[in-house]
Structure formats: C-alpha cells, structure tokens
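K.L.:
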Amino acid sequence: MGPWSFARSVYALDTIDTRFTSSAFTPHKSVAVTRGDPAGSRSKKDESTRGPPDLSDTQYSTFRGNMPYIALLLLFQPLLRRVYETVRPLSPQNGSAKGNSKTFISAIEGEARLEQRASFDFRFALIFLAAMHGFSALKVLLILYINFSIGTRLPRKFVPAATWFFNISILFANELCEGYRYADIASYLAPAGEEVNLIHTWGRWLDSYGGVMSRWEVLFNITVLRLISFNMDYYFSLDKRGGSPIEKKQLDPANLSERDRIATPAAAKEYNYRNYVGYVIYAPLYLTGPIITFNDYISQCKYPPATIQTARTIRYGVRVALCILAMELVLHYDYCIAISKGNPNWSDYTPAQISLLSYFTLHVIWLKLLIPWRLFRLWALIDGIDPPENMLRCVSNSPSPIAFWRSWHRSYNRWLIRYIYVPLGGSSARTWKSTLRTIMNYALVFTFVAMWHDISLNLLIWGWLVVLFMMPEIIAGYIFPRRKWEKAPTAYRILCGVGVVGNLMLMMMANLVGFAVGVDGLKSIIYGILKDYSGIAFLVTASSAMFTGIQVMFEIRQAEMRQGIFLKC
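If you're matching positions, the sequence shown starts at 1 in the UniProt record's numbering and goes up one per residue.
1) Please confirm if the segment 322–338 is in contact with the segment 467–484, defined as three or more CB-CB distances below 8 Å between the two stretches.
2) Can you give me the start and stop residues for the alpha helix (DSSP H) that Thr264 sits inside?
3) With burial defined as no fewer than 16 other Cβ atoms inside 10 Å of the residue's Cβ, what is the status of Glu555: buried or exposed?
4) Please name the residue in Leu495, His332, Ile526 whose C-alpha comes closest to that of Pro53.
5) Starting from the Cα of Pro399, find the closest Cα among Arg153, Ile494, Asp454 and give me that residue.
6) Using the Cα positions of Ser5 and Ala12, report the straight-line distance between them to the nearest angstrom.
7) Under 8 Å by Cβ, that's how I've got Gly203 and Ser136 pegged, so tell me the actual separation to the nearest angstrom.
8) Exposed or buried, what is Val500 when buried is set at 16 or more other beta-carbons lying within 10 Å of its beta-carbon?
9) Leaving out five residues before and five after Val552 in sequence, what residues of the same chain have Cβ atoms less than 8 Å from its Cβ?
10) Could you check whether Ala443 and Val422 sit closer than 8 Å to each other, using their CB atoms as the reference points?
11) Should the segment 304–312 be regarded as contacting the segment 331–350, the criterion being three or more beta carbon pairs within less than 8 Å?
12) Could you compute how far the alpha carbon of Thr548 sits from the alpha carbon of Asp532?
13) Quick check: the Cα distance between Asn272 and Leu378, rounded to an integer number of angstroms?
14) Note down, in chain order, each residue of its chain lying with its Cβ closer than 7 Å to the Cβ of residue 573, except the 5 sequence neighbours on either side.
15) The alpha helix (DSSP H) that contains Met232, what's its start and end?
16) For the alpha helix (DSSP H) holding Tyr84, just list the boundary residues, first then last.
17) Assign Glu109 to buried or exposed, taking buried as 16 or more other Cβ atoms, counted over all protein chains shown, within 10 Å of its Cβ.
18) Could you tell me whether the segment 68–82 touches the segment 347–363, using the rule of 3 or more Cβ pairs below 8 Å?
19) If you follow the alpha helix (DSSP H) that Val159 is part of, which residue opens it and which one closes it?
20) Here's a check: name, in chain order, each residue in its chain whose Cβ is nearer than 7 Å to the Cβ of Ala118, leaving out the five neighbours to either side.
21) Check for me: the alpha helix (DSSP H) holding Arg414 runs from which residue to which?
22) Who are the Cβ neighbours of Ile385 in its own chain at under 6 Å, not counting the five residues just before and after it?
23) Please classify Asp17: does DSSP put it in a helix, a strand, or coil?
24) Can you tell me whether Leu459 is helix, strand or coil according to DSSP?
25) Enumerate in chain order the residues of its own chain whose CB-to-CB distance from Met546 is below 7 Å, with the five nearest sequence positions on each side excluded.
26) Pop quiz: Trp464 and Val513 are said to be a contact at Cβ under 8 Å. What is the actual Cβ separation, rounded to whole angstroms?
27) State yes or no: is the C-beta of Pro388 within less than 8 Å of the C-beta of Arg418?
28) Just the C-alpha distance for Leu424 and Ile292, rounded to the nearest angstrom, thanks.
29) Going by CA-CA distance only, name the one from Lys523, Phe230, Asp260, Leu506 that's closest to Trp346.
30) For the candidate residues Trp408, Ser208, Trp164, Ala283, whose alpha-carbon lies nearest to that of Met507?
31) Secondary structure at Thr288, three-state DSSP: helix, strand or coil?
32) Under a three-way DSSP split, which group does Arg562 fall into?
33) When burial is assigned at 16 or more other CB atoms within 10 Å of the CB, is Met440 buried or exposed?
34) According to DSSP, simplified to helix, strand and coil, what is Leu144?
35) Closest to Trp205 by CA distance: which of Phe220, Cys177, Lys240, Asp184 is it?
36) Helix, strand or coil for Ala476 per DSSP?
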C-alpha cells in the first residue's frame, strides 16, 4: 500500500469501526473487501502556532496534561498482559474455528482464555484502582460490592428496581457528599467541639493519599453504567436458563455477531465477583468508556474478535493522532472557549462573529469528547477488546436530532436503548397515541441522561430542550411519512432540507445551553443576532448556506447506502 492509499484508508469507515460496514447480526469475517474510498482531506497542514493554546476548558486541559502518562499506560498494560500470558500459557486445544478461520479454538480453550484474561484484569484492576484513587479505592470497591450483592442475592423480582434505585442514589450521593472524604466521615463520627483525636488524624492522613485522581467521584458516572449492565445482564440471563441460546440457534460461539454477543448471556458460573470487578474496572475503558456490556466483555474474553487486526488498529491510531493535531491547531488559533467563559458583552460582536463563536464552541466540545473516547478505545483494541466507536459523525454532519444522538456517544446511546428505552416500549409514529408515548419515553430517557452527566440545572434544562426540539421531527414524520412521497423524491428531499435547517438551529441552541454558555448566555446570543436587520439578513443567508450543506449530508448517506452501508445516523 502506497502512502497516498494509506492516507485515504485512514478515513475509511471500516477503520473507525467494522460495525459501520457490516451488519450487527452477521459475524465478522476477515476477508478483503474492496470499497470506494471517501474523499480525503486535502487541507494544507500548518504545524506552526501563533500563541499559547486556549486551555480555559479545565476538563480537557486536565486530560491534555495527563496525555503522556495515558500513552505510557497504553503501552505498558498490554505488554504486561503479554508477560502474564507467557507465565500462564494456554494449553493448545482443537475445536470450533476462530473468526479469522486460520486457527481453532474450542469451548474448553475459550473458558481457559477467559480464566487467563479475567484473572489478569482482576489483579490489574485492583492495582490500577489503588494508583488512581489511593485509599479512596476502598470506597469504590464498597460500592461495587453492594451493587454485586443487590444483583446476585436479592430475590429476582426486586433486582431491577433495587439496582436502579441504588445507582441513581449513588449519583446524587457522590455529588452531595463530594466523594465521602475520610475527614468528613471522622467529623461525623466524632462531632465538632471535641478535641482533635486519633480518628480525625487518620481521616486527614487517608485523604492525603488520594492517588493520581483524588476526586474519584468526578468520572464515576461511567462506572455506574457498568454496574447497571452487570446486574441487568444477570437478571435477563435468569430467563434463559432453560437451555443455551447458542445451542438452540446452532451458533459458533467463537464467531458470534455483535448482536449475539450482547444478547447471549454468559454461563451462570461466569457471573462471579472476579469477572465483575475485572469488567467494571477494566483499565482501558474505566475512566471514559466507550461502554461495553458485561455479556459482550465475557464473550470477547473467551474468543478474540476477528474485527481486531493489526493493520486496522494502526490506521485507527493514525486517525487518533490526526484528531489530536486538529484539536491543537484549533486551541492555538481559536479562543472561543476563553471568550464564552469570560462573560462577554455579546452586543459588542456582530451577528456573524456570534454565530461563528457558537459554531466553533460546539466543535471544540465535540473534539474534547472525541479524543479521549478514541484514545481509550485504541488502548482497548491494542489489549484485545473491541468496544463500539463513540463518535461516528462530525458535529457538522448531523441532519437530524434523532440521528445525531445515535452517532454522538454511540455506546451510551446503545446502552440507553438496551436498558431503558426498549423496556419502556421503544418508539413508534404510526398513531398519535404511539407518537405521544414515544415523546414521553424520550423525556424519561433524557431526564436520566441529564442527571447522569451532572446534577445541574443547565443540564436538566438541556435534557428537556433536546426532547422539546425532537418533537418537530417526530411530528413531521407523522404528518409527512416517506411512503407518501415515493413518487416525488426530489420534492421530499427539499422539504426535509428546509425542516432540517430549523432542527439544526434548535439542536445547536440546546447544546450551547448544556455545555457552553447556559440559558442566560443563549439569551444574549439570540438577542445579539436578532437585534437589528443586519442580524436577520445574516440569519437568512446562514440558513441558505446550511440548506446547501444539508443536501451534501443527504448525498453522503445516499452514497453509503449505495455501498450497502446503513448507519441510521
């Protein structure tokens, strides 16, 4: 492969995630498939910088400062696993074929491989947790133990309600108690007014050893999702104890589709505490994800996924590096975050400047989430686990609010569908009653999403705004169903383009409220754009440009469908 072909292959959908180019119901086969390469970026690379980077976003600034250490871990942990596997090798077995059809792996060897990987993950998880959180690791392990007990010891009918109640309570308790500092616990046990005693000294001493990340509760929300996943997967498995789904469907356990890996429960003995801790504290995905279900984790531990190939992983790593470079260029040339956090007087800016600041703010938010997710997914791929890709589309390539949420934090979206949305009844727009039920389901889902992100008014308003701004698309789909426009596809495409312009405006406003300027900032931005005729003229011109861009988005999706790729986003 020449350098130019390699550069083009970096931007292939198959490089991002094989789930996008093959059905979730079909096992992946490692065969060469020739696909049309998308047009690569031909922009001129400029690695010079004009000034210091905009590090006003403390979340990304912290991640950026720790990136060298993450890179070292990315290399150290997989190498340590190789050493461990050398010390504890598997005995060769014969049986069912692996996904790449070149070697064979039996069910017995699959269980031995699970034993090997899970035992390493459990041991490394304890060391990793202690290094990350110091003595606060004991608090994390206590929460894990309580959740495990709820899932495996309570009567079956109480498990779902108890699991959800406990984990939502943990979200609130972590926020209100600020991580349960040992000094605060000591003060509660020995109230103020008494002389400083040994318990207070011990409390402060324990707090002083907080590890690399003393505020463990900040990113614990992602762990809550894995706690719920384990309990609910175990709960669902109790309905399928009558016989093995793999035997009933006559499936090859070493070559399951992704959908089968998620839906097929693990064996009863595999829902144990060691596997549970290894899964919940799996180092590559512990801090930010992507999210993988317990069933999928166990399946991939047993049988290595055929989707992981060295060449594809290298291309994925190159793409991650290019994303980091893009973020660095934006931070050095565009100070949109610093401006938005500086409480500016928006009346000093022209409508075009306000719009561009808002637009680039959304892109910085997108990049600051994209980079950690892809970097940690790269770590997991190197380690032999293939989690879903979280970010498929660029924020500028989302013509639908509903489709936008399918491609933004995609693994979380799929988690919500499996554990909340489907149990609530899913979605339908066939009748007005089903449409109303769909809207109510969206409201419940996004209320949880807002609380899960952070317990703040801005994010709660953001969650409700997202649902409110989805309603035009849902109602329009009910009034203008696609089947009635089959004889006029061009007119339908233009009609959709006009509707999408309004949808995108609303979605941009919702995300600015939740993640950037808040409600007051959005009011000031809207006033700054609409305060005079020049702003209205700019809005009309910008909407026309957006309409043109939306037609390009439609064509991108049509081109994918012509290649047999149906992403629904």
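Where is the CB? At the ideal position from N, CA and C, for every residue including glycine.
P.N.:
According to the structure data:
1) no
2) For the purposes of this step, residue 264 is taken as residue 264 along the sequence shown, with counting starting at 1. Thr264 -> no alpha helix (DSSP H), and no H or E assigned at all.
3) Along the sequence shown, read from residue 1 onward, the residue named residue 555 stands at position 555. Exposed, because fewer than 16 other Cβ atoms sit within 10 Å of the Cβ of Glu555.
4) The residue labelled residue 53 in the question sits at position 53 within the sequence shown. Measuring from the Cα of Pro53, the nearest candidate turns out to be His332.
5) For the purposes of this step, residue 399 is taken as residue 399 along the sequence shown, with counting starting at 1. Checked all of Arg153, Ile494, Asp454; the closest Cα to Pro399 is Ile494.
6) In the sequence shown, counting from the first residue as 1, residue 5 sits at position 5. In the sequence shown, counting from the first residue as 1, residue 12 sits at position 12. Cα to Cα, Ser5 sits roughly 11 Å from Ala12.
7) Your numbering for residue 203 matches position 203 in the sequence shown. Your numbering for residue 136 matches position 136 in the sequence shown. That pair is no contact at about 12 Å.
8) Within the sequence shown, the letter at position 500 stands for residue 500. Under this definition Val500 is a buried residue.
9) Locating residue 552 in the sequence shown gives position 552, counting from the first residue. Cβ within range, chain order: n/a, list empty.
10) On the sequence shown, residue 422 is found 422 positions in, with the first residue counted as 1. On the sequence shown, residue 443 is found 443 positions in, with the first residue counted as 1. Contact: no.
11) no
12) Translated into positions along the sequence shown, residue 548 becomes position 548. Translated into positions along the sequence shown, residue 532 becomes position 532. About 25 Å.
13) By 1-based counting over the sequence shown, the position of residue 272 is 272. By 1-based counting over the sequence shown, the position of residue 378 is 378. Taking the straight line joining both Cα atoms gives about 28 Å.
14) With the chain represented from 1 up to 569, any question about residue 573 goes unanswered, as that position is not in the structure.
15) Residue mapping note: residue 232 aligns to position 232 of the sequence shown, counting from 1. Run containing Met232: 220–237, per the alpha helix (DSSP H) assignment.
16) Sequence index remark: in the sequence shown, residue 84 carries index 84 (1-based). Per DSSP, Tyr84 belongs to the alpha helix (DSSP H) from 58–87.
17) The residue given as residue 109 occupies position 109 in the sequence shown. Result: buried.
18) no
19) Here residue 159 refers to the residue found at position 159 of the sequence shown. Run containing Val159: 159–177, per the alpha helix (DSSP H) assignment.
20) Taking the first residue of the sequence shown as position 1, residue 118 is located at position 118. Around Ala118: Arg274, Asn275, Gly278, Cys301.
21) Your numbering for residue 414 matches position 414 in the sequence shown. Per DSSP, Arg414 belongs to the alpha helix (DSSP H) from 410–416.
22) Here residue 385 corresponds to residue number 385 of the sequence shown, with the count starting at 1. Taken in chain order, the residues that qualify are Gln300.
23) For the purposes of this step, residue 17 is taken as residue 17 along the sequence shown, with counting starting at 1. Coil, per DSSP.
24) Walking along the sequence shown from the start, residue 459 turns up at place 459. The answer is helix: DSSP assigns Leu459 an H, G or I state.
25) Taking the first residue of the sequence shown as 1, we reach residue 546 at position 546. Val501, Leu504.
26) Here residue 464 is taken as the residue at index 464 of the sequence shown, counted from 1. Here residue 513 is taken as the residue at index 513 of the sequence shown, counted from 1. With 8 Å as the limit, Trp464 and Val513 do not qualify as a contact, their Cβ atoms being about 10 Å apart.
27) Counted from its first residue, the sequence shown places residue 388 at position 388. Counted from its first residue, the sequence shown places residue 418 at position 418. For Pro388 and Arg418, no; Cβs fall outside 8 Å.
28) Your numbering for residue 424 matches position 424 in the sequence shown. Your numbering for residue 292 matches position 292 in the sequence shown. Roughly 21 Å between the two C-alpha positions.
29) Numbered from 1 along the sequence shown, position 346 holds the residue referred to as residue 346. When only C-alpha atoms are compared, the closest one is Lys523.
30) Counting from 1 along the sequence shown, the entry for residue 507 is found at position 507. It is Trp408.
31) Here residue 288 refers to the residue found at position 288 of the sequence shown. Coil at Thr288, not helix or strand.
32) Your numbering for residue 562 matches position 562 in the sequence shown. Three-state DSSP puts Arg562 in a helix.
33) Looking up residue 440 in the sequence shown gives position 440. Looking at its Cβ environment, which holds fewer than 16 other Cβ atoms inside 10 Å, Met440 is exposed.
34) Reading the sequence shown from its first residue, position 144 is the one you call residue 144. Note: Leu144 maps to helix in three-state DSSP.
35) Counting from one through the sequence shown, the residue named residue 205 turns up at place 205. Nearest option by C-alpha distance: Asp184.
36) For this step, residue 476 is matched to residue 476 along the sequence shown. Helix.
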